[in-house]
Amino acid sequence: MAKKDYYQILGVSRDAGAEEIKKAYRKLALQFHPDRNHNNPAAEEKFKEASEAYSVLGNAEKRQVYDRYGAEGLRANGGGADFGFFSDSIFSDFGDILGDMFGFGGGFSGSRRRRGPRKGSDLGLEVTLTLEESFRGAEKEIEIERERNCDACDGSGSEAGHDPATCRQCGGSGQMRISQGFFAMATTCSSCGGSGKVVTHPCRHCRGQGRQRETKKLKVSFPAGIDEGNRLRVAGEGEGGRQGGAPGDLYVMVRIKPDKRFQRQGDDLLLTLPVSFSQAALGDQVTVPTLEGTEKIKIPPATQGGQVLKIRNKGFHQVNRWSRGDLLVQVQVVTPHSLTRQEAELYRKLRELEAAKGQPQPESDRVH
């Protein structure tokens, strides 16, 4: 399957601003909206494609992940969770943006607005892991605040024994049709909010809203190898659905706390190793730390500052794969801050030997 280029779909450059992206989407949505292209599956598919592109590029965080990892990065699986972003209700997600162009709250037609079960909204939060937790994998307890149906009225908003009444303003349709020039617009009824029903005896627990807020603690598993900017999807832990609809999802954005010893480079782990002049010149065998204990590594003779030595398969695991990166040990030749009298004498002799070999001398030691 060919990879989708969301910038190409909307016809904008990769450095396009938010307003330019929004205008491009509006133009395509007007052109291919199903209400203007009856019995035209191709137009409806283009409308969905443009809406999918805007759902990513129109959101700063999603766009950042897409620019870095591409569409596959948005959907890559990790540890039983999903890195995906996409909603299963593209039409309802973008109905208002078209209506705003004409001064109304809905799109060209209310036929896409669902009056039955509606999925709950998605939620998002950030969780910070240490580098070692991202290396090994971790389970974290998080706390979320969300909205769900009222327990007393089960989301109806009405007291027990009192059913909502049919809305008089729209006759129960949930829509008000308005003609404006060439277009016949359908906008949501302001009296009932599109439900077609009006609460006459409000529930005392939720005051007729049908909803209540709750705080919930849950545990989230982060797979070994998870990286900065990855986003986990925890299915069904978003806000509760309406009128019997499924709950939304919870998206957890991963941040990694900087480590004092190690840095991450892709799947590799980078460690800076300070060595002395003698170790670099003569070679040595030393013990270095890893995130799994210690390892011995051989420093070859004549090692130069900045040279990188490698210990294979001591880097990060690739998520859901057996392969892993390496530990990269970058040599840093350290100049001593203070010398004993004996050390100073030895360095002076070394300098004389270097001069005899024709190596450059400092200006202060040259004979005038």
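Each residue of the sequence shown is one higher than the one before, counting from 293 in the numbering used here. The C-beta atom is built at its ideal place from N, Cα and C for all residues, glycine as well.
- Is DSSP giving L601 helix, strand or coil here? Here L601 sits in strand by DSSP.
- Message: Can you give me the C-alpha to C-alpha distance between Y299 and V625, rounded to a whole angstrom?
- Response: Here the alpha carbons of V625 and Y299 stand approximately 47 Å from one another.
- Query: Going along the chain, which unbroken runs of the alpha helix (DSSP H) with 4 or more residues stay wholly within the stretch 515 to 578?
  - Reply: 569 to 574
- Message: Do P494 and G500 have their beta-carbon atoms positioned less than 8 Å apart in this structure?
- Response: yes
- Message: Could you tell me the alpha carbon to alpha carbon distance between A538 and A444, rounded to whole angstroms?
- Response: 19 Å
- Message: With distance defined between alpha-carbon atoms, name the residue in F339, E344 and S413 nearest to N441.
- Response: Nearest of F339, E344 and S413 to N441, Cα basis: S413.
- Query: Of all the options A310, G502 and N605, which has the alpha carbon lying nearest to the alpha carbon of S347?
  - Reply: A310
- Message: Please list the terminal residues of the continuous alpha helix (DSSP H) segment that includes K641.
- Response: R633 to A648
- Message: Measuring only the C-alpha atoms, how far is G556 from L583?
- Response: Per the sequence shown, residue 556 should be read as Arg rather than Gly. So the two alpha carbons sit approximately 12 Å from each other.
- Item | Residue burial classification, N332 (beta-carbon count within 10 angstroms, cutoff 16) | exposed
- Are F554 and L565 close, meaning C-beta to C-beta below 8 Å? 8 Å or more divides the Cβ of F554 from the Cβ of L565.
- Message: Strictly by DSSP, which residues pair up with K585?
- Response: Correcting the residue identity first, residue 585 is Gly in this sequence and not Lys. Answer is T582, bridged to G585.
- Minimum length 4: unbroken alpha helix (DSSP H) runs contained in the stretch 420 to 465: 423 to 428
- Indicate the three-state DSSP secondary structure (helix, strand or coil) for V623 in the structure shown. Reduced to three states, the DSSP call for V623 is strand.
- Taking only the alpha-carbon atoms, compute the straight-line gap between F530 and E418 and give it to the nearest angstrom. Note that residue 530 corresponds to Gly in the displayed sequence, not to Phe. Straight-line Cα distance between these residues: approximately 14 Å.
- Message: Just to confirm, is the Cβ distance from F608 to F427 under 8 Å?
- Response: yes
- Query: Which two residues bound the contiguous alpha helix (DSSP H) that contains P333?
  - Reply: P333 to L349
- Query: How would you call E637, buried or exposed, if buried means at least 16 neighbouring beta carbons within 10 angstroms?
  - Reply: The residue is exposed, with fewer than 16 neighbouring Cβ atoms inside 10 Å.
- Test item: CB-CB of G250 and V491 under 8 Å: For the chain, the structure presents residues 293 to 660; residue 250 sits outside this window and is missing.
- Span separating the alpha-carbon of R668 from that of R547: Absent from the model: residue 668. The displayed extent of the chain is 293 to 660, so no value can be given.
- Message: Less than 8 Å between the C-beta atoms of Q461 and T479, yes or no?
- Response: At least 8 Å separates the beta-carbon of Q461 from that of T479.
- Please list, in chain order, all residues of the same chain as G536 whose beta carbon is under 6 Å from its beta carbon, the five residues on each side excluded. P409
- Item | Inter-residue spacing [alpha-carbon to alpha-carbon] between G585 and Q622 | Cα to Cα, G585 sits roughly 18 Å from Q622.
- Endpoints, alpha helix (DSSP H) assigned at A321: From DSSP, the alpha helix (DSSP H) with A321 extends over A310 to F324.
- Message: I'd like to know whether the C-beta atoms of A363 and K296 end up nearer to each other than 8 Å.
- Response: yes
- Return the Cβ separation of Q430 and F514 in integer angstroms, given the expectation that the two are a contact with Cβ distance under 8 Å. According to the sequence provided, residue 430 is Ala. The question's Gln does not apply to it. Contact between A430 and F514 holds: their C-beta atoms lie close to 5 Å from each other, under 8 Å.
- Range covered by the alpha helix (DSSP H) that runs through Q610: No alpha helix (DSSP H) contains Q610, which DSSP labels as neither H nor E.
- Taking DSSP as the reference, what is the three-state secondary structure of Q504? strand
- Query: CB A321 to CB G303, shorter than 8 Å?
  - Reply: no
- Starting from the C-beta of A345, find all residues in its chain whose C-beta is less than 7 Å away, skip the five residues before and the five after it, and write them out in chain order. Y298, I301 and L302
- Quick one: grab the DSSP three-state call for R496. coil
- Message: On the CB-based measure, 16 or more other CB atoms within 10 Å of its CB, does A334 come out buried or exposed?
- Response: A334 is exposed by the Cβ-count criterion.
- Which one or two residues does DSSP pair with E418 in a beta bridge? M545
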